[in-house]
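Per UniProt numbering, the very first residue in the sequence shown carries number 1; after that it's consecutive. Even for Gly, the Cβ is constructed at its ideal location relative to N, Cα and C. Everything on this sheet refers to the single structure shown next.
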Amino acid sequence: MKYLQEEFISIVVLVLHINLIGPLPPSRGNIYCLTCIDRFPSWMEAIPLNNSSAHTVARAFYSNWIARFGTTDRLIIDRETQFRSETLQTLSKIYDIKLQHTTAYHPACNGKVERLHVTLKTALKAHNNMSWTDTLPTVLLGLRTAIQEDNNHSIA
């Protein structure tokens, strides 16, 4: 007879793509959105921001990703000033995250998050009567629970 043993399941995010959307129409004081998506299994977060300063972006990344899911090995980011800031550099050193900047004028290098931007913007526009910050959780729920064609499963 086999006895049930405790099973430990670890979700390790090895590569994470982040970027900013905005400025967007003002919604509850927010005009930007920090987007994060891991390379596999493509879990996504979108965090409303009232500005795009380096401090705000780093704080939102820490509070909404690192504090909830843990750290990552690599962070794929573009060359915007928020992602080249000393604040993000310090955060990456503390958590031993390797920062990889995309090639200038080549957004396809961060295609995973760029594709998420297109999908998010399209879904948010479909709810044009509501503020995007109110609609965002529902849109994310839909994206996370949608069946992915490549593996016939959702990420949620």
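For residue i versus residue j, is the C-beta distance shorter than 8 Å?
{"i": "A54", "j": "S27", "result": "no"}
{"i": "L16", "j": "T72", "result": "yes"}
{"i": "L120", "j": "I21", "result": "yes"}
{"i": "F61", "j": "I18", "result": "yes"}
{"i": "R144", "j": "S154", "result": "yes"}
{"i": "S133", "j": "H127", "result": "It should be pointed out that residue 133 corresponds to Thr in this sequence rather than to Ser. Their beta carbons are not under 8 Å apart, which means T133 does not touch H127 by this criterion."}
So, for residue i: in the same chain, excluding its five sequence neighbours on each side, which residues have a beta-carbon less than 8 Å away from its beta-carbon?
{"i": "R79", "result": "H101, T102 and A104"}
{"i": "P107", "result": "D78 and E114"}
{"i": "Q89", "result": "L99"}
Which residue wins for smallest C-alpha separation from residue i, given the options the options?
{"i": "L99", "options": "I77, Q148, N30 and A46", "result": "I77"}
{"i": "T81", "options": "N129, N110 and A58", "result": "A58"}
{"i": "P137", "options": "L88, P107 and T35", "result": "T35"}
{"i": "L24", "options": "S92, N152, A146 and K125", "result": "K125"}
{"i": "R39", "options": "S92, N110, L140 and N64", "result": "N110"}
Roughly how many angstroms lie between the CA atoms of residue i and residue j, to the nearest whole one?
{"i": "A156", "j": "Q148", "result": "11 Å"}
{"i": "N50", "j": "G29", "result": "6 Å"}
{"i": "Y32", "j": "S52", "result": "7 Å"}
{"i": "A123", "j": "L14", "result": "28 Å"}
{"i": "D150", "j": "P41", "result": "11 Å"}
{"i": "L91", "j": "S63", "result": "12 Å"}
{"i": "G142", "j": "N152", "result": "15 Å"}
{"i": "F83", "j": "N129", "result": "33 Å"}
Which same chain residues, not among the five before or five after residue i, have their C-beta less than 7 Å away from its C-beta?
{"i": "Y95", "result": "I66 and T71"}
{"i": "L140", "result": "M44 and A46"}
{"i": "A146", "result": "S154"}
Leaving out the 5 sequence neighbours to the left and right, which residues in its chain are closer than 6 Å to residue i when beta-carbon positions are compared?
{"i": "I37", "result": "H17, M44, K112, V113 and L116"}
{"i": "L75", "result": "L16, I97 and L99"}
{"i": "T87", "result": "A54, H55 and A58"}
Would you say the beta carbon of residue i comes nearer than 7 Å to a heavy atom of the ligand MG?
{"i": "H55", "result": "For the ligand MG, the structure offers nothing, since it holds no ligand at all."}
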